[in-house]
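J.:
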Amino acid sequence: MEPILKVQDLHTEITTNYGTFEAVSGVSFELGKGETLGLVGESGCGKSLTSLSITGLLGPKVRVAAGEAIFEGRDIFKLSPKEMRQLRGGKISMIFQEPMTALNPLFTVGNQMVEMMLPHMKITKKEALKRSVELLTDMGIERPEQVVKSYPFELSGGMLQRVMIAMSLSCNPKILIADEPTTALDVTIQAQILKLMNELKHKYDTSIILITHNLGVVAQICDRVAVMYFGRIMETAPVKRLFEQPLHPYTKGLFLCIPKLDQDEDFLSTIPGMVPALTEKTEGCAFAPRCPRCTDRCRREEPELVEVEEGHFCRCWGVLEDKA
Ligand SMILES: Nc1ncnc2c1ncn2[C@@H]1O[C@H](COP(=O)(O)OP(=O)(O)OP(=O)(O)O)[C@@H](O)[C@H]1O
Ligand SMILES: [Mg+2]
1393 MEPILKVQDL
1403 HTEITTNYGT
1413 FEAVSGVSFE
1423 LGKGETLGLV
1433 GESGCGKSLT
1443 SLSITGLLGP
1453 KVRVAAGEAI
1463 FEGRDIFKLS
1473 PKEMRQLRGG
1483 KISMIFQEPM
1493 TALNPLFTVG
1503 NQMVEMMLPH
1513 MKITKKEALK
1523 RSVELLTDMG
1533 IERPEQVVKS
1543 YPFELSGGML
1553 QRVMIAMSLS
1563 CNPKILIADE
1573 PTTALDVTIQ
1583 AQILKLMNEL
1593 KHKYDTSIIL
1603 ITHNLGVVAQ
1613 ICDRVAVMYF
1623 GRIMETAPVK
1633 RLFEQPLHPY
1643 TKGLFLCIPK
1653 LDQDEDFLST
1663 IPGMVPALTE
1673 KTEGCAFAPR
1683 CPRCTDRCRR
1693 EEPELVEVEE
1703 GHFCRCWGVL
1713 EDKA
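Residue numbering for the sequence shown follows my numbering, beginning at 1393 and increasing consecutively.
1) Would you mind listing the alpha helix (DSSP H) stretches within the segment 1509-1539 that are 4+ residues and don't spill past its ends, in chain order?
2) Output the boundary residues of the beta strand (DSSP E) element that contains residue 1431.
3) Can you tell which of 1569, 1687, 1691 and 1628 has its C-alpha closest to the C-alpha of residue 1678?
4) Please classify residue 1658 as buried or exposed, where buried requires at least 16 neighbouring CB atoms within 10 angstroms.
5) Just checking residue 1425 against ligand 1 - is the residue's beta carbon closer than 7 Å to any of the ligand's heavy atoms?
6) Counting beta carbon pairs with one atom in the segment 1568-1575 and one in the segment 1604-1611, are three or more of them shorter than 8 Å?
7) Among residues of its own chain, excluding the 5 on either side of residue 1441, which ones have a beta-carbon nearer than 6 Å to its beta-carbon?
8) So the candidates are 1627, 1699 and 1595; which of them puts its Cα closest to the Cα of residue 1427?
9) For residue 1585 and residue 1557, which I take to be in contact (beta-carbon distance under 8 Å), what is that distance rounded to the nearest angstrom?
10) Under a three-way DSSP split, which group does residue 1659 fall into?
11) From what residue to what residue does the beta strand (DSSP E) around residue 1454 run?
12) Of the residues 1683, 1676, 1681 and 1523, which one's Cα is nearest the Cα of residue 1689?
13) Use the C-beta contact count for residue 1716: other C-beta atoms within 10 angstroms, 16 or more gives buried, fewer gives exposed.
14) By DSSP's criteria, residue 1423 is part of a beta bridge. Which residues make up the other side?
15) Would residue 1584 pass as an interface residue toward chain D - the criterion being a Cβ-Cβ separation below 8 Å?
16) Near ligand 2, which residues have their beta-carbon closer than 7 Å to a heavy atom?
17) Going by the beta-carbon positions, is the gap between residue 1527 and residue 1562 smaller than 8 Å?
18) Grab the span of the beta strand (DSSP E) containing residue 1603 for me, first residue to last.
19) Can you tell me whether residue 1470 is buried or exposed, with buried defined as 16 or more other CB within 10 angstroms of its CB?
20) Can you tell me where the alpha helix (DSSP H) holding residue 1690 begins and where it ends?
21) Out of curiosity, what's the CA-to-CA distance linking residue 1660 and residue 1648?
22) With distances taken Cα to Cα, identify the nearest neighbour of residue 1722 among 1508, 1436 and 1708.
23) Any heavy atom of ligand 4 closer than 7 Å to the beta-carbon of residue 1433?
24) Identify whether residue 1589 lies in helix, strand or coil by the three-state DSSP scheme.
25) For residue 1449, verify whether its CB is less than 7 Å away from any heavy atom of ligand 1.
26) Considering only their Cβ atoms, is the gap separating residue 1613 from residue 1590 smaller than 8 Å?
27) Could you tell me which of 1505, 1683 and 1672 sits nearest to residue 1412, measuring between CA atoms?
As C-alpha cells, then:
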C-alpha cells in the first residue's frame, strides 16, 4: 500500500544560548491510509517536535535542518508559508493536549468552527454552521445546537476536547496528528474520546499519528507503534507484535513501567537513569548508559534501525546479534 505520508531522515534542531542541538535525529516512518501510528517514549524524547516539524509549527529557535516529508507527491518541508497554512487545518490537522489554548475565549464555538472551515472548503457560512452541528453530533455531544452558541468557558474540559476533535476533523483531513489528546482528561472521558477517534478513523478513513505516554491507549487504538528515545526511533512494529515480543531493551523497560493489577509489589519497575539532556553528546547507542545489556560496542558505535522481521525494526546491537 502506498503510504499517505513518508517521513525520511528528519533532523530538527534547536538553537539555545549554549549552541545548536539536534532534538530529532534521523527519524523516518511511513503512515498508511487509514492507519493509526502511535508515537511513544519518555518525556523529552522528541515526539512533539517530530509532529510539529510535519505541521510546520516549530517555534522561532527550532528548525527542520534536513529530511523530507512526502505528502501527496510533494515535500512538505519545501512548501511556502502560505502553502503550509493551507495544508495545516485542511488536509493535515492537529489536536493538542490543552484544548483551551487552541480556542479563542472571545468567540463562540460555532463561530470558530465556521471560521476554520471557510478558508479550506467551498462552503457558505450557513452550510458550515450546519456542518458544525453535525460534527458535534458525531462527537456524541447532546444538544449540539446549544453548544455551537456557547463560549469555551461555558464548557467542561471533556466537552472542549470533543469540540477540538470536531474542529480538527471539520475539513476532512487526510492526516490527524493528536498530541496527548486525552492526558488532561479524567479516565472515563479519555475512554470515550479514544472510542470516538477509533470510530472516526473507520468512518472517514483518516490516518492518525497519536502521541501518548500511555501504552494501554496504544494497545487500544493503534495499528503500529514507533518507540522514540533521544530523538531517534529505537523500535517500530505492528502493535500486536510489539506487545507480544518487544525487542529493544528500552521498549521492554517501558512495558515494565506499566503498573499491573496482579502485582503484589507496591513498587513500579522503572528504567534506571534519565533521558540524556539535549546538550549531552552521546557516543554509540543513546540508550547505552541505561541499558541492562550494554556492551563496549554499544558505547562506541550507534546501531542502525534494522528490519528484524517483516515490519518490525529495531536499533540494538544485542538484538541484531541474537538474530544473527
Ligand atoms: N522550543 C524549544 N526550545 C528549547 N528546547 C526545546 C523546545 N521544544 C522542545 N525542546 C526540547 O527538545 C526535546 C524534545 O522535546 P519534545 O517536546 O519533542 O519532547 P516530547 O517527546 O514531546 O516530550 P513530552 O512527552 O514531555 O511531551 C526536549 O529535550 C525538549 O526540552
Ligand atoms: Mg510532547
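In this text, a Cβ means the ideal position worked out from N, Cα and C, and glycines have one as well.
T.: Reading off the structure:
1) The segment 1509-1539 contains these whole alpha helix (DSSP H) runs: 1517-1530 and 1536-1539.
2) 1428-1432
3) 1691
4) At residue 1658 the pLDDT is 45, less than 50, meaning the model places this residue with poor confidence; the figure from the coordinates comes in the next sentence. When all chains shown are included, residue 1658 counts as exposed.
5) The beta carbon of residue 1425 sits no closer than 7 Å to any heavy atom of ligand 1.
6) yes
7) 1404, 1415 and 1416
8) 1595
9) So it is a contact: roughly 7 Å between Cβ atoms.
10) With a pLDDT of only 46 at residue 1659, under 50, the local geometry of the prediction cannot be trusted, and the value read off the model is given with reservation. Residue 1659 falls in the coil class under three-state DSSP.
11) 1454-1463
12) 1676
13) Classification for residue 1716: exposed.
14) 1397
15) Looking for chain D here will not work: only one protein chain is present.
16) 1439, 1440, 1571, 1572 and 1603
17) yes
18) 1599-1603
19) exposed
20) 1688-1692
21) Its pLDDT being 48, under 50, residue 1660 is placed unreliably by the model, and the measurement read from it follows with that caveat. Taking the straight line joining both Cα atoms gives about 8 Å.
22) Because the chain in this structure spans residues 1393 to 1716, residue 1722 falls outside the shown range and cannot be described.
23) As presented, the structure is devoid of ligand 4, carrying ligand 1 and ligand 2 as its sole ligands.
24) In the three-state DSSP reduction, residue 1589 falls in the helix class (H, G or I).
25) no
26) yes
27) 1672
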